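Data first, discussion second: the structure below is written as structure tokens.
There are 2 protein chains.
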Amino acid sequence: MSNRVILSVDAMGGDFGPRVTLPACTSVLKKHPALEILLVGEADLLNKQLGRMRLSDDIKARLTIVASGDSVQMDDKPSAAIRHRQDSSMAVAVKMVAEGSAAACVSAGNTGALMAFGRQHLKMQPGIDRPAIIASVPTMQGHCYMLDLGANVDCSEEHLLQFAIMGSVMFEALEGVPARIGLLNIGEEAIKGNEQVRLAHELIRQQKGLNYIGFIEGNDVFAGKADVIVCDGFVGNIALKSSEGLAKLISRKVRRSFTRNLYRRLLAFLAYPVLRELQEQMDPSRRNGATLLGLQGIVMKSHGGANKNCFAYALEQAIIEVEQNVPSKISERLASYLTSKDQ
Amino acid sequence: MSNRVILSVDAMGGDFGPRVTLPACTSVLKKHPALEILLVGEADLLNKQLGRMRLSDDIKARLTIVASGDSVQMDDKPSAAIRHRQDSSMAVAVKMVAEGSAAACVSAGNTGALMAFGRQHLKMQPGIDRPAIIASVPTMQGHCYMLDLGANVDCSEEHLLQFAIMGSVMFEALEGVPARIGLLNIGEEAIKGNEQVRLAHELIRQQKGLNYIGFIEGNDVFAGKADVIVCDGFVGNIALKSSEGLAKLISRKVRRSFTRNLYRRLLAFLAYPVLRELQEQMDPSRRNGATLLGLQGIVMKSHGGANKNCFAYALEQAIIEVEQNVPSKISERLASYLTSKDQ
Chain A
1085 MSNRVILSVD AMGGDFGPRV TLPACTSVLK KHPALEILLV GEADLLNKQL
1135 GRMRLSDDIK ARLTIVASGD SVQMDDKPSA AIRHRQDSSM AVAVKMVAEG
1185 SAAACVSAGN TGALMAFGRQ HLKMQPGIDR PAIIASVPTM QGHCYMLDLG
1235 ANVDCSEEHL LQFAIMGSVM FEALEGVPAR IGLLNIGEEA IKGNEQVRLA
1285 HELIRQQKGL NYIGFIEGND VFAGKADVIV CDGFVGNIAL KSSEGLAKLI
1335 SRKVRRSFTR NLYRRLLAFL AYPVLRELQE QMDPSRRNGA TLLGLQGIVM
1385 KSHGGANKNC FAYALEQAII EVEQNVPSKI SERLASYLTS KDQ
Chain R
1085 MSNRVILSVD AMGGDFGPRV TLPACTSVLK KHPALEILLV GEADLLNKQL
1135 GRMRLSDDIK ARLTIVASGD SVQMDDKPSA AIRHRQDSSM AVAVKMVAEG
1185 SAAACVSAGN TGALMAFGRQ HLKMQPGIDR PAIIASVPTM QGHCYMLDLG
1235 ANVDCSEEHL LQFAIMGSVM FEALEGVPAR IGLLNIGEEA IKGNEQVRLA
1285 HELIRQQKGL NYIGFIEGND VFAGKADVIV CDGFVGNIAL KSSEGLAKLI
1335 SRKVRRSFTR NLYRRLLAFL AYPVLRELQE QMDPSRRNGA TLLGLQGIVM
1385 KSHGGANKNC FAYALEQAII EVEQNVPSKI SERLASYLTS KDQ
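If you read the sequences in order, they're chains A and R. Just add 1084 to wherever you are in the first sequence, counting from 1, and you've got our numbering. Just add 1084 to wherever you are in the second sequence, counting from 1, and you've got our numbering.
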């Protein structure tokens, strides 16, 4: 990055709070000399923890603590968060984007509350009804993007079309080539699937400017057949989490298999670099950072259980989206679609 | 198995037809001396292929060829199969169960057509509206069962309750202990999820005689938190197939990683037994054989792409369900539920 970028970070969010968010922030600050971070959270606690970290003056100069009140809890309902947590680290971090003091915010906190604050303070893009959660998943060739991953249950076909448009623009902005859009379904033939996907199929097919390649089955998600996979948030969340669950199971079975006896332990020792490389490549949660797409601003959601490296990855993703100016590219494209619709 | 069991097998179904089904049948016949198989398909072709296999007289005596007409194609719609394929190997195999000449049938053909023939010839159990596809998936401790895996899209809460009851009975029949039932959802709190699962949650919770443990998230599917996981067929199909896709991707990455250079090839050679064992344990499609539950008879669906061992596994599963008498156990339990409902 060349120009100055300011991120607001919910320092209290996630399973580990400042223990993870602070070291992640300082490591990303070291890497990006033009980055500044507004660290939102309990000022005393953050000051104390930062004090222990022996930071250079340069890092200290680019790290500002912003005091906030009670944190959002993981079991807070979105409506309760809106009513009672407006001075939480999460809400304040989002508001800083709305006010223009930060270019993007990053939080590992409660997803529902983050969406609610995003809608309240940043507003939706014109033409988009609801935010969608988009994230990348690994494929044989690299990765693809999938949305929605749980922000919306009971989507209409219009919502799925909006996801297709937003996903397409985001992919093109980040990867520099047009996206092949696939619609997640249980069979490749148009007769299969439920009412929702059949209607969405027709709608997306008719939308000009989209490179729509039709239905994608579950087994093709990780095969790289599409660049952007569109689905209802209920289905997307379960598909991704099931796969993460299986990856975790495989990883445990590998560990158990390689520790059963002395010979196998020796093998594991010899094969450690390979096994580690594989684990890193394959964990779907390693590429951490899901974007709340459709808002007039950049909000990045980190896994709640993210460790330092994972949270740092989410920060880096936010920087890339700031540099690529994703929300304004989406709004431009939406404006052109809306115009062509009216004609 | 001690008593005589007769299976009808759709010899023409699946991606490979008799090339896979015949060797699978003969290998299972060798293992089970009390098994008989009615092999349904093109008589000339089957006779020719069996002739090449040099079978013992004992095996020949327990293998009967039943001639059929045109096969069901993978892209036949269920309605077209019902109209035009009544003398297909699949339809004939199902009818033999309906007539009582076989105790169960096994097919690797078109799922929609198999369900349609099942409903037409075997009829539904009283109290069940639609068949559901149930199969086992691996967990850390062993395996659990998941249904529906694609027979039904747009399920009502009543359907999900029926799945819970059927799955519970099947698990108890096969595993000998009561099943912990989980409902697949995107969050553990009752406020999350779509309309369908919220309504089903209430209904299943109130059903006496079920050991319902509440919502299960995607990442818990393979964690063994529940013994039977209930979901809509659209969601279940996508969750399972996505996970299979990820398992395949991991397996390819492992192969690529272990063949990159000579040292790694040597490691792979040394670790071959471990890697092979892992691959066998982890492939969700290896435990082949999905039951069409809710019919008055046993219909086992094999993966279309099953190889000999996988198809043999599906045959073995059918034998177990015959021995455990799963459909009549389900109908008994349903009768007791229906009675308690009326009181």
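All C-beta atoms in this analysis are idealised placements derived from N, C-alpha and C, irrespective of residue type, glycine included. A quick note: this is a predicted structure, and the numbers were derived from the prediction, not measured.
Cβ pair A/V1281, A/L1267 closer than 8 Å
Taking the first sequence and counting its residues from 1, the one referred to as residue 1281 of chain A is at position 197. Taking the first sequence and counting its residues from 1, the one referred to as residue 1267 of chain A is at position 183. Yes, the pair counts as a contact, with Cβ atoms nearer than the cut-off.
What are the complete alpha helix (DSSP H) segments, minimum 4 residues, inside the region 1164 to 1215 of chain R?
Secondary structure remark: continuous alpha helix (DSSP H) runs of at least 4 residues inside the region 1164 to 1215 of chain R, in chain order: 1173 to 1183 and 1195 to 1201.
Between the beta-carbon of A/A1323 and the beta-carbon of R/S1173, is there less than 8 Å?
Against the first sequence, residue 1323 of chain A aligns to sequence position 239. Against the second sequence, residue 1173 of chain R aligns to sequence position 89. For A/A1323 and R/S1173, no; Cβs fall outside 8 Å.
Give the interface partners of R/F1342 over in chain A, defined as CB-CB distance under 7 Å, in chain order.
Taking the first residue of the second sequence as position 1, residue 1342 of chain R is located at position 258. Within chain A, the residues near R/F1342 are V1358.
At least three beta-carbon pairs within less than 8 Å, the region 1202 to 1209 of chain R to the region 1170 to 1187 of chain R
Yes, the region 1202 to 1209 of chain R is in contact with the region 1170 to 1187 of chain R.
Report all residues from its chain with a CB closer than 8 Å to the CB of R/V1237; omit the five preceding and five following residues, and keep chain order.
Within the second sequence, numbered from 1, the residue matching residue 1237 of chain R stands at position 153. The answer, listed in chain order, is D1316, G1317 and F1318.
Where R/S1326 meets chain B, residues with beta-carbon distance less than 8 Å:
The question asks about chain B, but that chain is absent: this structure's protein chains are A and R.
Could you list the residues in the region 1234 to 1259 of chain A with a C-beta less than 8 Å from some C-beta on chain R, going in chain order?
The residues in question are G1234, V1237 and D1238.
Cβ atoms of R/P1215 and R/G1378: under 8 Å apart, would you say?
Within the second sequence, numbered from 1, the residue matching residue 1378 of chain R stands at position 294. Within the second sequence, numbered from 1, the residue matching residue 1215 of chain R stands at position 131. Yes; because the gap between Cβ atoms is below 8 Å, this pair is in contact.
Between A/A1263 and A/V1312, which are expected to be in contact by the criterion C-beta below 8 Å, what is the C-beta distance as a whole number of angstroms?
Start at 1 with the first residue of the first sequence, and residue 1263 of chain A comes out as number 179. Start at 1 with the first residue of the first sequence, and residue 1312 of chain A comes out as number 228. Confirmed, about 5 Å.
Measuring CA to CA, which of A/E1364, A/F1100 and A/L1147 is closest to A/M1158?
As a working note, residue 1158 of chain A is residue 74 in the first sequence. Minimum Cα distance to A/M1158 is reached at A/F1100.
Does R/R1203 come within less than 8 Å of chain A when only Cβ atoms are used?
Within the second sequence, numbered from 1, the residue matching residue 1203 of chain R stands at position 119. False, the Cβ-Cβ gap to chain A never drops below 8 Å.
Just verifying my parser: in three-state terms, what is the DSSP assignment at R/D1426?
By 1-based counting over the second sequence, the position of residue 1426 of chain R is 342. For R/D1426, the pLDDT reaches just 48, beneath the cut-off of 50, and the residue's location in the model is therefore unreliable, although a value from the coordinates is still provided. The DSSP-derived three-state label of R/D1426 is helix.
Taking 8 Å as the CB-CB cut-off, is A/R1348 touching chain R?
To locate residue 1348 of chain A, count along the first sequence from 1; it is residue 264. Yes, A/R1348 lies at the interface with chain R (some Cβ there is under 8 Å from its Cβ).
At the level of alpha carbons, what is the spacing between A/L1418 and A/N1409?
Here residue 1418 of chain A refers to the residue found at position 334 of the first sequence. Here residue 1409 of chain A refers to the residue found at position 325 of the first sequence. C-alpha separation (whole angstroms): 15 Å.
Inter-residue Cα distance where the pair is R/K1115 and A/C1239:
Within the second sequence, the letter at position 31 stands for residue 1115 of chain R. Within the first sequence, the letter at position 155 stands for residue 1239 of chain A. Answer to the nearest angstrom: the Cα atoms are 51 Å apart.
Reference A/F1342; option with closest CA among A/Y1356, A/A1331 and A/S1155:
Here residue 1342 of chain A refers to the residue found at position 258 of the first sequence. If we check each option's Cα against that of A/F1342, A/Y1356 comes out closest.
Once you ignore the five residues that flank A/K1309 on each side, which residues in its own chain have a CB closer than 7 Å to its CB?
If you number the first sequence from 1, residue 1309 of chain A lands on position 225. For A/K1309, where only same-chain residues beyond five positions count, the Cβ hits under 7 Å are G1266 and I1300.
Taking only three categories from DSSP, how would you classify R/P1262?
Counting from 1 along the second sequence, the entry for residue 1262 of chain R is found at position 178. Looking at R/P1262 - three-state DSSP - the assignment turns out to be coil, as it is neither helix nor strand.
Can you pull the chain A neighbours of R/G1277, defined as C-beta to C-beta under 8 Å?
For the purposes of this step, residue 1277 of chain R is taken as residue 193 along the second sequence, with counting starting at 1. Within chain A, the residues placing a beta-carbon under 8 Å from that of R/G1277 are V1237 and F1318, ordered along the chain.
Using the beta-carbon count (16 or more within 10 Å), is A/M1224 buried or exposed?
The sequence position of residue 1224 of chain A within the first sequence is 140, counting from 1. Residue environment analysis places A/M1224 among the exposed positions, since fewer than 16 neighbouring C-beta atoms fall within 10 angstroms of its C-beta.
Rounded Cβ spacing between R/A1200 and R/E1241 (contact assumed at less than 8 Å)
As a working mapping, residue 1200 of chain R is identified with position 116 in the second sequence. As a working mapping, residue 1241 of chain R is identified with position 157 in the second sequence. Their Cβ separation, rounded to whole angstroms, is 25 Å, which puts R/A1200 and R/E1241 out of contact at 8 Å.
Can you find a heavy atom of the ligand ZN that lies under 7 Å from the Cβ of R/A1145?
As presented, the structure is devoid of all ligands, the ligand ZN included, so that no description of it is given.
So R/M1224 contacts chain A; which residues on that side make the cut at Cβ distance below 8 Å?
What you label residue 1224 of chain R is simply residue 140 of the second sequence in a count that begins at 1. Think of a sphere of 8 Å around the beta carbon of R/M1224: the chain A residues whose beta carbon falls inside it are L1333, R1336 and K1337, in chain order.
Strictly below 7 Å CB to CB, what residues from chain A border R/L1354?
Indexing the second sequence from 1 puts residue 1354 of chain R at position 270. Residues of chain A with a Cβ closer than 7 Å to the Cβ of R/L1354 are, in chain order, L1351.
Given that A/L1122 touches chain R, what residues does it touch there, using C-beta distances under 7 Å?
In the first sequence, residue 1122 of chain A corresponds to position 38, counting from 1. None at all; the shortest Cβ gap to chain R is about 30 Å.
If we define contact as Cβ-Cβ less than 8 Å, is A/L1377 a contact residue for chain R?
What you label residue 1377 of chain A is simply residue 293 of the first sequence in a count that begins at 1. Answer no: the Cβ-Cβ gap between A/L1377 and chain R never drops below 8 Å.
Kindly indicate the opening and closing residues of the beta strand (DSSP E) around A/V1237.
Numbered from 1 along the first sequence, position 153 holds the residue referred to as residue 1237 of chain A. Careful: A/V1237 lies outside any beta strand (DSSP E) and carries neither H nor E.
Given this structure, state the Cα-to-Cα distance separating A/A1164 from A/D1171, to the nearest angstrom.
Taking the first sequence and counting its residues from 1, the one referred to as residue 1164 of chain A is at position 80. Taking the first sequence and counting its residues from 1, the one referred to as residue 1171 of chain A is at position 87. CA-to-CA, the gap between A/A1164 and A/D1171 works out to about 13 Å.
Please name the residue or residues paired with A/M1096 in a DSSP beta bridge.
Here residue 1096 of chain A refers to the residue found at position 12 of the first sequence. None; A/M1096 has no bridge partner.
What residues in its chain sit with their C-beta under 6 Å from that of R/D1426, if we drop five residues either side in the sequence?
Your numbering for residue 1426 of chain R matches position 342 in the second sequence. Note that R/D1426 scores 48 on pLDDT, short of 50, meaning its location in the model is unreliable and no value can be drawn from it.
Can you check the region 1093 to 1141 of chain R for any alpha helix (DSSP H) of at least 4 residues that lies completely inside it and give the ranges in chain order?
Runs of the alpha helix (DSSP H) inside the region 1093 to 1141 of chain R: 1102 to 1115 and 1127 to 1136.
Helix, strand or coil: which one does DSSP assign to R/G1381?
To locate residue 1381 of chain R, count along the second sequence from 1; it is residue 297. R/G1381 falls in the coil class under three-state DSSP.
Answer with buried or exposed for A/L1346, where buried requires no fewer than 16 other C-beta atoms within 10 angstroms of its C-beta.
As a first step, residue 1346 of chain A must be located in the first sequence, where it is residue number 262. It counts as exposed.
Check each residue of the region 1185 to 1198 of chain R: if its Cβ is closer than 7 Å to any Cβ of chain A, include it; give the result in chain order.
If you check each beta-carbon in the region 1185 to 1198 of chain R against every beta-carbon of chain A, none falls closer than 7 Å.
Exposed or buried, A/E1286, counting other C-beta atoms within 10 Å across all chains shown (16 or more means buried)?
The residue given as residue 1286 of chain A occupies position 202 in the first sequence. Flag for A/E1286 reads exposed.
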